[in-house]
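Participant: Can you read through this structure? Questions will come right after.
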Amino acid sequence: MKDLKELVYIVSKNKLKAIERLDTNKANRVSAFYEKLVNNDLEDDKEALEYFFPNAKNSTPYRKLKAMLRKRLISTLFSIDFKQPSYTDRQRAYYECHKEWAAAKILLGKNAWDACVEICERILKYAIKYEFTEMTLDLLRILRLHYSTRMGNQGKFEEYKKMHQEYEAVFIAENKAELFYCELVMPYVKNQAAKEGLQELALQYFGEIKASMEEHSSYQLHLYGSMIRLMTFTMVNDYRNALAVCDDMIDFFEAKPYEANTPLQAAYYQKLVCHSQLRQFLQGKLAAQKCIALIEEGSVNWFRYHELYFSLAMQTGQYQEAFDIFYKVTAHRRFAYLPSNDQEIWIIYEAYLYYLADIEKISLPMGEERFNKFRLGRFLNQTPIFSKDKRGMNVAILVIQTLFLIQQKKYNRAIDRLEAIEKYCNRYLRKDDTIRSYYFIKMLLAIPMASFHRRRVARHAAPYLEKLKKTPLESARQSYKIEIVPYEQLWEFALDSLEERVYV
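Take 139 as the starting number for the sequence shown in our numbering and just add one per residue.
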């Protein structure tokens with residue numbers, strides 16, 4: 139059902155009178171289905187099937203209803219007014235040119251060459267100006283074909299042939315850079331742990347496209363090329379050099395003759411990552427403010443930006459601000475449309491906020507009930523994806539689970555949990571990219587060994603605490619997402635949960 143919810147959101151967000159466009163008959167199921175989705179009254183296909191066809195023997199009538207609504211929503215997309223002030227000049231050009239391009243392709247299929255060529259020649263200048271390379275290449279192909287096989291115009295044919303060759307080279311370079319970027323990013327989608335050998339691969343890929351970037355100033359090529367260059371530093375947590383790449387990226391795209399919002403968002407996002415890991419809250423907040431001005435509320439990037447802003451606040455001890463960010467994000471109507479792994483991240487963040495509230499590091503608003511309903515068992519059931527991420531976000535899950543048990547003085551359960559974690563620690567966390575997590579787990583294991591006595595625990599854990607301090611997060615190879623609150627700070631909280639007495 140997510141595809142339908144996406145379409146409904148776009149149509150309703152653009153203030154189209156979609157019900158009138160779809161069907162004004164209030165008894166019509168298509169209109170009723172649309173209304174239910176606009177109001178977020180239906181959670182999934184099963185619920186929708188039971189609502190509209192409670193006595194159906196199978197799902198066939200519901201599938202037909204979905205198909206009808208989807209078809210009408212897609213048709214409605216072409217009626218959206220993209221000239222609204224909220225769109226940048228490049229965004230407006232993108233939507234308008236793609237609508238015209240689609241019309242040209244339909245006309246070409248109908249053999250209406252004159253009408254097709256008129257559109258192609260008219261939008262070609264915009265496709266070139268705004269660097270829509272794929273579209274430019276296809277328009278030039280159509281015009282090359284028209285002026286050779288239909289018109290026999292040698293001059294026009296040579297002009298478009300030469301242009302096609304130039305943009306074909308650009309397109310090949312763009313496609314290569316995009317492919318390299320996909321291959322580097324894909325391993326991180328469901329597993330946040332650092333990956334062996336990927337930094338070397340990023341260096342190799344950047345070396346392969348560097349000459350093309352120097353030859354062509356293409357938007358897509360420099361977007362993906364810059365991100366690959368950035369990854370050569372971020373993959374080894376070299377945040378200071380990564381900041382320099384971000385600045386180069388900002389300078390390049392700000393010099394474009396149009397508003398290049400997407401690359402600028404990416405650059406400021408990465409600046410925020412760097413400042414967060416370097417614990418530079420003020421600089422990070424400045425990058426965040428610049429970034430938010432470029433982002434459409436409710437977009438995928440809007441959520442990603444807030445995830446990083448949350449991380450910055452948590453890393454720098456601004457827990458109340460982190461709490462406010464969490465509420466703003468999870469209360470947004472678009473939150474339900476996020477991929478499951480993105481929603482799970484915020485479930486993990488919620489657990490950490492609950493812990494901070496439990497130890498009185500966060501002041502909850504008057505009448506706040508949500509955090510009173512938090513249950514550790516339910517939390518573990520809500521994180522099935524990252525619970526399998528043995529060297530990534532599962533570390534964050536195990537850490538907060540242990541801290542809860544210690545804070546709530548459920549020592550028998552804590553002992554059982556830590557015995558299992560010890561085997562996990564020795565099996566998964568002994569490599570360089572998880573070494574900080576390894577040291578911290580070893581510190582937690584000292585708690586039952588020292589019978590939960592505060593001073594004894596501190597003494598037993600001291601060697602690992604020293605090792606942890608000698609491996610700061612900004613120089614460790616660990617993914618920045620795993621350590622939601624710096625381990626040094628979490629250790630202080632854990633010690634504060636203990637008493638000066640032995641638990642037997």
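Beta carbons: idealized from backbone N, C-alpha and C, even for Gly.
Would Leu450 and His413 be called neighbours here (beta carbons separated by less than 8 Å)?
Facilitator: Yes; because the gap between Cβ atoms is below 8 Å, this pair is in contact.
Participant: In the DSSP assignment, the alpha helix (DSSP H) including Val327 goes from what residue to what residue?
Facilitator: Segment: none, Val327 is in no alpha helix (DSSP H) and carries neither H nor E.
Participant: Does Glu445 come out as helix, strand or coil in the three-state DSSP assignment?
Facilitator: Glu445 falls in the helix class under three-state DSSP.
Participant: When you compare the stretch 582 to 600 with the stretch 629 to 639, are there three or more beta-carbon pairs, one atom per stretch, that lie closer than 8 Å?
Facilitator: These segments touch.
Participant: Tell me the rounded alpha-carbon separation between Tyr566 and Val533.
Facilitator: If I take the Cα positions, the gap works out to 10 Å.
Participant: Reducing DSSP to helix, strand and coil, say where Glu488 ends up.
Facilitator: Three-state DSSP puts Glu488 in a helix.
Participant: Would you say Ala405 and Cys384 are within 8 Å of each other, going by their C-beta atoms?
Facilitator: Result yes, Cβ atoms of Ala405 and Cys384 sit closer than 8 Å.
Participant: Whole angstroms are fine: how far does the CA of Ser197 sit from the CA of Ala165?
Facilitator: At Ala165, the pLDDT of 49 sits below 50, so the modelled position is not reliable; the number obtained from the coordinates is stated separately. Distance between the alpha carbons of Ala165 and Ser197: 21 Å.
Participant: Using CA coordinates, which residue listed in Gln427, Thr226, Ile257 and Asn178 is at the minimum distance from Lys140?
Facilitator: Comparing Cα positions, the closest option is Asn178.
Participant: Only counting the same chain, and skipping five residues up and downstream in sequence, which positions put a Cβ closer than 8 Å to that of Tyr475?
Facilitator: For Tyr475, where only same-chain residues beyond five positions count, the Cβ hits under 8 Å are Lys140, Lys143, Glu144 and Tyr147.
Participant: Which parts of the stretch 363 to 414 are runs of the alpha helix (DSSP H), unbroken and 4 residues or longer, counting only runs that do not cross its ends?
Facilitator: Entirely contained in the stretch 363 to 414, the alpha helix (DSSP H) runs reaching 4 residues are, in chain order, 377 to 392.
Participant: Compare the C-beta of Asp141 with all C-beta atoms of chain D and state if any pair is closer than 8 Å.
Facilitator: Considering every chain present, this structure includes no chain D. It has just one protein chain.
Participant: Check whether the stretch 491 to 500 touches the stretch 453 to 473, taking contact to mean three or more Cβ pairs, one atom from each stretch, closer than 8 Å.
Facilitator: Result yes; three or more Cβ-Cβ pairs closer than 8 Å.
Participant: Thinking Gln337 and Val374 are a contact (beta carbons under 8 Å), I'd like their distance in whole angstroms, please.
Facilitator: With 8 Å as the limit, Gln337 and Val374 qualify as a contact, their Cβ atoms being about 5 Å apart.
Participant: On a Cα-Cα basis, can you pick out the residue from Arg378, Tyr407 and His354 that is closest to Met365?
Facilitator: Comparing Cα-Cα distances from Met365 to each of Arg378, Tyr407 and His354, the minimum goes to Tyr407.
Participant: Can the beta-carbon of Trp251 be found less than 8 Å from the beta-carbon of His302?
Facilitator: No, these two residues do not count as a Cβ contact at 8 Å.
Participant: Whose C-alpha, out of Gln403, Gly422 and Arg167, is nearest the C-alpha of Gln456?
Facilitator: Measuring from the Cα of Gln456, the nearest candidate turns out to be Gly422.
Participant: Just the C-alpha distance for Asn379 and Asp386, rounded to the nearest angstrom, thanks.
Facilitator: Distance between the alpha carbons of Asn379 and Asp386 is about 11 Å.
Participant: Taking DSSP as the reference, what is the three-state secondary structure of His354?
Facilitator: DSSP places His354 in coil when its eight states are reduced to three.
Participant: Taking 7 Å as the limit between beta carbons, can you name the residues of its chain near Leu207, skipping five residues before and five after?
Facilitator: Answer for Leu207: Leu142, Val168, Phe171 and Tyr172, listed in chain order.
Participant: Quick one: grab the DSSP three-state call for Glu321.
Facilitator: Helix at Glu321.
Participant: Need the endpoints of the alpha helix (DSSP H) that Val595 sits in, please.
Facilitator: Looking at the DSSP string, the run of the alpha helix (DSSP H) that includes Val595 is Arg592 to Lys607.
Participant: Assess contact between the stretch 315 to 327 and the stretch 353 to 365, defined as three or more Cβ pairs (one per stretch) separated by less than 8 Å. Is contact present?
Facilitator: Touching, per the Cβ criterion.
Participant: Taking the DSSP output, what are the residues bridged to Glu637?
Facilitator: Glu637 pairs with His591.
Participant: Using a Cβ-Cβ cutoff of less than 8 Å, which residues in the same chain neighbour Leu636 once the five nearest sequence positions on both sides are dropped?
Facilitator: The residues are Ile544, Ile585, Phe590, His591, Arg592 and Val595.
Participant: Under DSSP, the alpha helix (DSSP H) around Gly505 begins and ends at which residues?
Facilitator: Where Gly505 is concerned, there is no enclosing alpha helix (DSSP H), given that its DSSP letter is neither H nor E.
Participant: Would you identify the three-state DSSP class for Lys195, choosing helix, strand or coil?
Facilitator: Of the three classes helix, strand and coil, the one that applies to Lys195 here is coil, per DSSP.
Participant: Given a threshold of 16 other Cβ atoms within 10 Å of its Cβ, counted over all protein chains shown, does Arg260 qualify as buried or as exposed?
Facilitator: With fewer than 16 other Cβ atoms within 10 Å, it is exposed.
Participant: In whole angstroms, give me the CA-to-CA distance for Leu211 and Val149.
Facilitator: Rounded to whole angstroms, Leu211 to Val149 spans 7 Å at the Cα level.
Participant: Assuming Ile430 is part of the alpha helix (DSSP H), what are its boundary residues?
Facilitator: Here the alpha helix (DSSP H) through Ile430 covers Phe419 to Ile430.
Participant: Here's a check: name, in chain order, each residue in its chain whose Cβ is nearer than 7 Å to the Cβ of Gln342, leaving out the five neighbours to either side.
Facilitator: Hits under 7 Å: none found.
Participant: Val626 and Lys607 look like a contact to me (Cβ under 8 Å); what is the Cβ gap, rounded to whole Å?
Facilitator: Before going further, note that residue 626 is Glu rather than Val in the sequence given. Their Cβ separation, rounded to whole angstroms, is 7 Å, which keeps Glu626 and Lys607 in contact under 8 Å.
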